[in-house]
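Heads up: the sequence shown at position 364 corresponds to 461 in the working numbering, and the numbers run straight through without jumps.
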Amino acid sequence: MDPYDVVIVGAGTAGQTAAYELSASGLTVAVVEKSDRPGGICALAGCQAKKWFYEVTETIARSRHLLGKGIAAAPEADWPAILEQKKRFTDRVPEGTVKGFKKAGIDFLAGAAKFKDDRTLVVDGREIRPRFCILATGAAPMRLPITGAEHIATSDDFLDLKTLPGRILFVGGGFISFEFAHFAARLGPQERRILILEVADRPLGPFDAEMVDLLVEASAVEGIGLLTGVKIQSIAKKGAGFVVATAADGVFEVDLVVNGAGRVPQLAGLELEAAGITHSRRGIAVDVGMQTANPKVFAVGDCAASIQLARVADFEAHVAARNILAALGRGAAATIDYGAVPALLFTYPQYGMLGRTEAALKDEGISYRKSFGKHLGWPTYTRIGMAHAAYKILVGPDKKILGAHILSDNASGLINTLCLAMRHGIPADALYWENIMSPYPSRESDLIYMLKPFLD
């Protein structure tokens with residue numbers, strides 16, 4: 098058996114973050130990965146990979162909005178060229194990941210891991226008994242209980258399509274469906290039909306309902322349809338396409354069906370029970386230090402019952418690493434606070450969200466004030482032809498930010514400013530004064546207009 102201080106299962110962003118920090122601190126570290134393409138979903142088929150498509154989407158969307166306002170003809174998308182650019186990045190990831198480990202003195206073990214008991218891992222028949230273990234196995238596309246589900250493409254498949262067909266149906270009204278639908282609306286052929294089917298009564302459940310309605314409105318203008326309360330009964334092959342039958346909303350003939358229902362923690366085969374590790378459909382149960390029910394095992398990233406975002410995974414990995422070091426007398430313990438985690442939909446307009454929704458505040462009986470605006474006519478947005486910019490900022494009686502929601506071409510920058518204020522307890526009126534001398538005119542300089550109602 099090998100004398101590793103820490104074995105990390107999973108070579109994605111969270112696994113890498115923990116491995117490098119622990120190795121740099123002098124511990125002996127090994128990373129186990131069962132995929133033949135190490136590097137993780139974020140780099141290979143998630144946040145990094147999709148941005149190659151988003152950047153072109155944004156350029157085309159903005160150009161279309163400016164037709165007759167300075168743009169004479171909108172550019173046309175070249176999907177195969179975007180795919181080639183994406184592949185130039187992703188094809189280097191697996192080899193680069195392994196080389197990076199080797200350079201840092203981290204052992205890379207190719208194979209599947211499972212627990213034999215509370216301290217022992219078995220990797221393709223080889224027993225390893227590390228002092229600590231970090232699980233960073235990520236998530237996989239949710240399996241859908243639909244007859245003919247084998248005909249559904251995953252989000253990974255979508256980002257590897259050689260060409261983009263005209264008739265696309267997305268199953269589920271979450272992150273993936275909305276982002277990819279916006280890609281298809283700008284990057285697909287002129288003759289196209291894009292439809293999102295959601296089983297619940299509204300899409301994007303974790304987001305603010307009023308702001309989601311505005312995003313749905315903006316999506317409809319771009320030819321993206323949405324039906325809610327839909328139960329899909331079956332998917333059948335028909336010629337080169339597919340027929341999607343629903344219980345009460347008709348039949349749809351399409352060229353491609355995409356699973357946009359999200360991802361679920363990838364825990365199969367780990368034999369977590371053998372190690373005394375508690376888990377559920379949401380993932381592995383952890384405390385604020387990312388420790389599982391087994392004190393020698395930590396879980397981080399999408400396999401943990403937390404928030405499935407890449408930078409959250411990175412932070413969790415740092416917390417786990419620091420707590421392992423603390424247990425060895427090499428520093429202070431760390432915890433994570435999920436109270437101010439920004440989320441961003443790479444649609445156009447982008448939708449950035451932070452903290453609570455208005456409905457959540459009402460349900461929890463929390464007193465709040467609201468600053469809200471929609472279809473903003475500010476020069477910032479009229480200059481780029483954006484008709485659906487909007488904002489909602491929610492503050493408590495002490496004027497500290499409880500939630501923020503932005504529809505903009507730069508929701509990412511605005512929401513991050515609000516995130517820092519929320520994290521550091523800066524009241525909305527103080528944030529107003531701090532932002533008066535921001536670069537002007539810019540999206541960020543508009544923040545004072547959103548905050549002005551809180552000056553009384």
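Note that beta-carbon positions come from the ideal geometry of N, C-alpha and C, so glycine has one too. These numbers come from a predicted model, not from an experiment.
Here Y465 is actually not in contact with L504; their C-beta atoms are around 20 Å apart, not less than 8 Å.
Contact annotation: the stretch 208–216 does not touch the stretch 237–244, with fewer than three C-beta pairs closer than 8 Å. The beta carbon of H376 is closer than 7 Å to those of L364, L369, A382 in its chain, skipping five residues each way along the sequence. The residues V126, A201, G202, I203, in chain order, have a CB closer than 8 Å to that of S120 in the same chain once the five nearest residues on each side in sequence are set aside.
A Cβ-Cβ distance of about 6 Å is found for the pair C400 and G380, placing them in contact under the 8 Å criterion.
The beta carbon of C139 sits closer than 7 Å to the beta carbons of G109, T110, Q145, A407 from its chain, once the five residues preceding and following it are set aside; these are given in chain order.
Our two residues, G493 and A170, have alpha carbons roughly 47 Å apart in a direct line. Scanning G510, L552, S542 for the CA closest to the CA of A527 turns up L552. Spatial neighbours of G320 in its own chain (CB-CB distance under 7 Å, excluding positions within 5 residues in sequence) are listed in chain order as A282, R289, I291. Scanning its chain for C-beta atoms nearer than 8 Å, with the 5 sequence neighbours on each side dropped, one finds around K497 the residues M519, G522, I523, P524, A525, in chain order. In this structure V416 is buried. Its beta-carbon is surrounded by 16 or more other beta-carbon atoms within 10 angstroms. Pairing L218 with I225 gives a Cβ-Cβ distance under 9 Å. For Q330, the enclosing beta strand (DSSP E) covers residues 329–335. The C-beta distance from G357 to F280 rounds to 12 Å, too long to fall under 8 Å, and the pair is not in contact. Checking the DSSP bridge columns, you'll see H415 has no partner listed. Between the stretch 297–314 and the stretch 483–491, the count of C-beta pairs closer than 8 Å reaches three or more; the two stretches touch. In the structure shown, I105 falls within a strand segment according to DSSP collapsed to helix, strand and coil.
Here the alpha carbons of G285 and N513 stand approximately 31 Å from one another. Distance from the Cα of K549 is smallest, within the candidate group Y537, E531, S539, P538, for E531.
By the 16-neighbour rule on beta-carbons within 10 angstroms, E247 is exposed. In this structure, the beta-carbon distance from A440 to I404 falls below 9 Å.
A contact between stretches requires three or more CB pairs, one per stretch, nearer than 8 Å, and the stretch 248–262 fails this requirement with the stretch 158–169. A Cβ-Cβ distance of about 5 Å is found for the pair L312 and Y448, placing them in contact under the 8 Å criterion. Across the structure, K328 and L301 are spaced so that their CA atoms are roughly 17 Å apart. The stretch 172–212 contains, as complete beta strand (DSSP E) runs of 3+ residues, the segments 204–207, 210–212 (chain order). Nearest in C-alpha terms to V355, of all of G366, K393, V341, V348, is V341. Within the same chain, G357, A358 come within 6 Å of G269 by CB-CB distance, once the 5 residues on both sides are set aside. Shown here, V313 sits in a helix according to DSSP, grouped into three states. Here K334 is exposed, its C-beta having fewer than 16 other C-beta atoms within 10 Å.
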